[in-house]
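Undergrad: For the sequence shown, full-length UniProt numbering begins at 1 and goes up steadily by one.
Just so you know, even glycine gets a beta-carbon here, dropped at the ideal spot from N, CA and C.
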Amino acid sequence: MAISFTGIGSGLQVNEIVSALVNAEKSPYQARVTKQQANFTTDISAVGTLKASLEELNGSLESLSSVDEYQKRTISGSDEFVSFSSEKDAQTNNYSIKVNSLAENHKLTSNAIAGDEAVGEGKLSISSGANSFGINVSDTATLADIRDAINDSTDNDSVNATIITDDTGQRLVLSSKETGAENAIKIVVDDVSDGNNTDALGLSRLAYDSDTASATYAENLNEVTAATDASITIDGTLVATSSTNEFKDVIEGVTINAKKMHGTDDDLSKAVITENNKNITAGLNSFVDKFNAFIDLSKQLGRSSAEEGVGALAGDSLLRGSVNQVRSLLTSEFSTGNGNTDFLANFGIRTERSGKLSIDSDALKAAIEKDPQALQTFFIGENDGDGFVGQLDTVIKGYTASDGIISSRIEGRESQLSKLETDVEKFNIRMAKYEERLYSQYNAMDLLVANLNSTGSYLQQQLANLPGVVKKSS
1 MAISFTGIGS GLQVNEIVSA LVNAEKSPYQ ARVTKQQANF TTDISAVGTL KASLEELNGS
61 LESLSSVDEY QKRTISGSDE FVSFSSEKDA QTNNYSIKVN SLAENHKLTS NAIAGDEAVG
121 EGKLSISSGA NSFGINVSDT ATLADIRDAI NDSTDNDSVN ATIITDDTGQ RLVLSSKETG
181 AENAIKIVVD DVSDGNNTDA LGLSRLAYDS DTASATYAEN LNEVTAATDA SITIDGTLVA
241 TSSTNEFKDV IEGVTINAKK MHGTDDDLSK AVITENNKNI TAGLNSFVDK FNAFIDLSKQ
301 LGRSSAEEGV GALAGDSLLR GSVNQVRSLL TSEFSTGNGN TDFLANFGIR TERSGKLSID
361 SDALKAAIEK DPQALQTFFI GENDGDGFVG QLDTVIKGYT ASDGIISSRI EGRESQLSKL
421 ETDVEKFNIR MAKYEERLYS QYNAMDLLVA NLNSTGSYLQ QQLANLPGVV KKSS
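(1) Can you find the residues in the same chain that come closer than 7 Å, C-beta to C-beta, to S4, ignoring five residues on each side of it along the sequence?
(2) Could you say if the stretch 215-222 and the stretch 89-101 meet the contact criterion of at least three C-beta pairs nearer than 8 Å?
(3) Ordered along the chain, which non-local residues of its own chain (more than five positions away) have a Cβ less than 7 Å from that of V82?
(4) To the nearest whole angstrom, what separates the beta carbons of I185 and S128, a pair I think is in contact under 8 Å?
(5) Taking residue 475 as part of the beta strand (DSSP E), name the residues at either end of that continuous run.
(6) So, L221 versus L143, is the Cβ gap smaller than 8 Å?
(7) How long is the line joining the alpha carbons of R353 and K51, rounded to whole angstroms?
(8) Evaluate the contact criterion for the stretch 334-341 versus the stretch 21-29: three or more CB pairs, one atom per stretch, below 8 Å.
(9) Under a three-way DSSP split, which group does G337 fall into?
(10) Measuring CA to CA, which of D145, A38, L174 is closest to S158?
(11) Can you check whether the CB of R413 is closer than 8 Å to the CB of D89?
(12) Taking only three categories from DSSP, how would you classify N220?
(13) Give me the Cα-Cα distance between V326 and D360, rounded to the nearest whole angstrom.
(14) List the DSSP bridge partners of R171.
(15) Taking DSSP as the reference, what is the three-state secondary structure of K123?
(16) Under 8 Å, with one C-beta from each stretch per pair, do the stretch 268-284 and the stretch 103-121 reach the 3-pair mark?
(17) Going straight from the alpha carbon of E55 to that of T351, what length do you get?
(18) Can you say whether N224 is buried or exposed, counting buried as having 16 or more other CB atoms within 10 angstroms of its CB?
(19) Give the range of the beta strand (DSSP E) segment to which R73 is assigned.
(20) State the beta-bridge partners of D209 as determined by DSSP.
(21) Taking 8 Å as the cut-off, decide whether the C-beta atoms of D229 and T241 are in contact.
(22) Where does A366 land, buried or exposed, given buried means 16+ other C-beta within 10 angstroms?
(23) To the nearest angstrom, report how far apart D190 and G122 are at their CA atoms.
(24) I'd like to know whether the C-beta atoms of N183 and S176 end up nearer to each other than 8 Å.
(25) Could you give the C-beta distance for I234 and R73, rounded to a whole number, given that I count them as a contact under 8 Å?
(26) Do Y399 and I410 have their CB atoms nearer than 8 Å?
(27) Could you pull out every residue in the same chain whose Cβ sits closer than 6 Å to the Cβ of A20, ignoring the five residues on either side in sequence?
(28) Please report how far the alpha carbon of T6 lies from the alpha carbon of L448, in whole angstroms.
(29) Going straight from the alpha carbon of M1 to that of V22, what length do you get?
(30) Output needed for S328: all residues of its chain with C-beta closer than 7 Å, excluding positions within five of it in sequence on either side, in chain order.
(31) Name the DSSP bridge partner or partners of I256?
(32) Looking only at DSSP bridge pairs, what is A240 linked to?
(33) Starting from the Cα of V188, find the closest Cα among T162, T244, V137 and give me that residue.
(34) With a Cβ-Cβ cutoff of 8 Å, do S78 and V254 count as a contact?
(35) Could you give the distance in angstroms between the alpha-carbon of G59 and the alpha-carbon of T49?
(36) Would you report the Cα separation of M445 and T455, rounded to the nearest angstrom?
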């Protein structure tokens, strides 16, 4: 483009000239920096995507990384009477279960007493299970005061107190917090009012000790619900009791929760324990899916065809190394125990011509049924970290860990981007000074030319006024 020269002094377009010269310096540098920034940013994004895919691949085998995930047990048969759960150490078997009784909280209630009546002076010593505590009762205390004293006692871990008001008056209701016969409530009274601790007068109206052989025997409270243990019969002959409705390890590895008593005409509950290795199949399906996704991504990132578009990591040793190291594990031997080794392919995990994996479901099922312990050893190893899962974890974390290859690569690229930003700032400062210098030079020149033009005009005028000078007629 031609530059017009229509300035004031020199006739030059100073702004346009300076802008053109500065841009001539800036443009190549800016183009180079923009390309470098784009390359670094693309690389960070690409290796970040690769890292995420590797982490997903590693996480896909998490369910196969613990011995607790192999040879699990499934227990069926839960119904309205019982519910079952099982641990790995439960042995496959069948059992019949009958619920004879349920564990109950002990509940006692007093006879009716007027709400504003003083119950009686003295002390209540209350116990339930291993917990015991005492409260002092004043000569003006009502049932409500006694209720509050029981509930507010810092030593009380075992009894809840409340009041029910019916047509005849108020009744103090005491309930054990825990079920079972061992948590029966006992109340021993020290009755100051009349000195008799077991009669039904004064504070001794709240006395309760069901042990007939005890010196403090008194049943002055009404038993609403007896403190009872739960009882079940297993296979018609084996009886077990529990202070709660839970029976843990009565059958090894099994927890039984009693919910309802069996009636005379009710069918017995049936517990069926079977081996469950579905998680092995699920874990390997997940691994194959994530591996195939990893291969698809690696092909996309490593693509070298100009027609399809060159991948962000085409020819990159990081991509090539990660793929090769993961692939090498697929064809490696791992221990299956007892001095034996095996390959992943023999469990039905096949490598297709595309490089992806597939699962032969029948072969995998047969391998699991034949020797689930062999698969456990193959994936977990005989020693910590020497199985397939541990070795895959070591390889992948070599890339994905905070001090791994990919993290180092990203940190390096981010450092380069940061340096570019610093370089750009310095370059912009140089360009500003260059622009300032150009303006100074061109403005000085413009002023000089303007002065010369002014001097020339003056000389012309002086010469024109000299004697003998003949002016040209216009």
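TA: In short:
(1) Low confidence applies here, because S4 scores a pLDDT of 36, under 50, leaving its location unreliable; read the following figure in that light. Excluding sequence neighbours, S4 sits near Q13.
(2) no
(3) I97, V99, I256, N257, A258, K259, S269
(4) 5 Å
(5) The structure shown does not extend to residue 475, since the chain spans only 1 to 474, so no value can be given for it.
(6) no
(7) When rounded, the distance between both Cα atoms is 25 Å.
(8) no
(9) Reduced to three states, the DSSP call for G337 is strand.
(10) Taking only the C-alpha atoms, the option nearest S158 is L174.
(11) In this structure, D89 keeps its C-beta atom at 8 Å or more from the C-beta atom of R413.
(12) Coil at N220, not helix or strand.
(13) 21 Å
(14) Per DSSP, I164.
(15) The three-state reading of DSSP puts K123 in strand, counting E and B together.
(16) Short answer: they don't touch.
(17) 21 Å
(18) According to the sequence as given, residue 224 is Val; it is not Asn. Burial call: exposed.
(19) 72-76
(20) A218
(21) yes
(22) exposed
(23) 5 Å
(24) yes
(25) About 17 Å separates the two Cβ atoms, so there is no contact after all.
(26) no
(27) none
(28) At T6 the pLDDT is 42, less than 50, meaning the model places this residue with poor confidence and gives no usable figure here.
(29) Confidence in M1 is poor, its pLDDT being 36 and thus under 50, which makes the residue's placement too unreliable to answer from.
(30) none
(31) F84, F247
(32) The partner list for A240 (beta bridge, DSSP) reads I232.
(33) Measuring from the Cα of V188, the nearest candidate turns out to be V137.
(34) no
(35) 15 Å
(36) 15 Å
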